[in-house]
Amino acid sequence: MTTRLAIFPLTGAVLFPGLQLPLHIFEPRYRALVGNALVRDRRIAMIQPQRPVEGASLYSVGCVGRIGEIQAMEDGRYNLILEGEQRFRLVRELDVTTAFRQVEAELIAEDEDETLTHAQRGGFEREARRFADNQGYSVDWDSVERLDDRSLINGVSQIAPFDPASKQALLEAENLTARCELLVQLMQFYGRHDGGEEIVTLQ
Numbered sequence: 004m005t006t007r008l009a010i011f012p013l014t015g016a017v018l019f020p021g022l023q024l025p026l027h028i029f030e031p032r033y034r035a036l037v038g039n040a041l042v043r044d045r046r047i048a049m050i051q052p053q054r055p056v057e058g059a060s061l062y063s064v065g066c067v068g069r070i071g072e073i074q075a076m077e078d079g080r081y082n083l084i085l086e087g088e089q090r091f092r093l094v095r096e097l098d099v100t101t102a103f104r105q106v107e108a109e110l111i112a113e114d115e116d117e118t119l120t121h122a123q124r125g126g127f128e129r130e131a132r133r134f135a136d137n138q139g140y141s142v143d144w145d146s147v148e149r150l151d152d153r154s155l156i157n158g159v160s161q162i163a164p165f166d167p168a169s170k171q172a173l174l175e176a177e178n179l180t181a182r183c184e185l186l187v188q189l190m191q192f193y194g195r196h197d198g199g200e201e202i203v204t205l206q
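Structural data, given as structure tokens:
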């Protein structure tokens, strides 16, 4: 079964289910997108374009978010928090008259009960500590250890300082285990080669 989604295509901005993404909306077409969402179901679909140019083709997987906190400014801009709900797979882009793009998509069912094995979780945390030390990041490891597997893996995938294509690969990973394995590989690669990307903070 497919659904119609209004999209916000933004390079480097990847939203994962269960996480939050702060957005500053200033372009008229995306102000229209937010206004449309607010009078309907408060849902906006985030997806990356394959190239950072106008009208570029889209990647195949994105994430639907629901507008949570929102601040409307007098000049029509918005500050908002988008709360990730569910990944979707692009079926086709629709021919529309709205200022913003819309797609037909299939929502991707997630196994909410999936967890990592003790060895997988331990291996991930060890690699994350090495990566953080190499990059000079200060991390509250006590808080990290209290996170459930899904929050940990999705959270690191969303904020890690990887290039857009790598973050897209994490979003497209089939399940939590596959995402964890890919994340470890990326941390090892960036740890060795210093990817040169600035860390993205989504606080």
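Numbering follows the working numbering, in which position 2 of the sequence shown is assigned residue number 5; successive positions increment by one, without gaps.
A virtual CB, placed ideally from N, CA and C, is assigned to each residue, including glycine.
Remember, it's a predicted structure, so these values are computed and weren't measured experimentally.
So, at 6 Å on beta carbons, what are the nonlocal neighbours of arginine 124 in its own chain, with the 5 sequence-adjacent residues on each side left out? A distance below 6 Å between beta-carbons, with the five flanking residues on each side excluded, links arginine 124 to no residue of its chain.
Do arginine 46 and glycine 68 have their CB atoms nearer than 8 Å? It is a contact, given that the beta carbons lie within the stated cut-off.
Return helix, strand or coil for tyrosine 81, following the three-state DSSP convention. Taken through DSSP and simplified to helix, strand or coil, tyrosine 81 comes out as strand.
Quick one: measure Cβ to Cβ for alanine 102 and alanine 48, integer angstroms, because I've assumed they're closer than 8 Å. With a Cβ gap of about 16 Å, alanine 102 and alanine 48 do not count as contacting.
Per DSSP, which residues does leucine 13 bridge with? Please list them. The partner list for leucine 13 (beta bridge, DSSP) is empty, contrary to what the question assumes.
Do threonine 14 and proline 164 have their CB atoms nearer than 8 Å? For threonine 14 and proline 164, no; Cβs fall outside 8 Å.
So, helix, strand or coil for glycine 38, using DSSP? Assigned with DSSP and collapsed to three states, glycine 38 falls in helix.
Beta-carbon spacing of leucine 174, arginine 90 below 8 Å: The beta carbons of leucine 174 and arginine 90 sit closer together than 8 Å.
So, with DSSP's three-state summary, where would you put leucine 185? In this structure, DSSP gives leucine 185 a helical state, which the three-state scheme calls helix.
Which residue's Cα is closest to the Cα of glutamine 161: Gln191, Leu8 and Gln23? For the set Gln191, Leu8 and Gln23, the Cα lying nearest the Cα of glutamine 161 is the one of Gln23.
Nearest to alanine 75 by alpha carbon, out of Leu41, Gly58, Leu186 and Gly65? For alanine 75, the nearest C-alpha among the options comes from Leu41.
To the nearest angstrom, how far is the alpha carbon of methionine 190 from that of alanine 122? For methionine 190 and alanine 122, the gap between their C-alpha atoms comes out near 17 Å.
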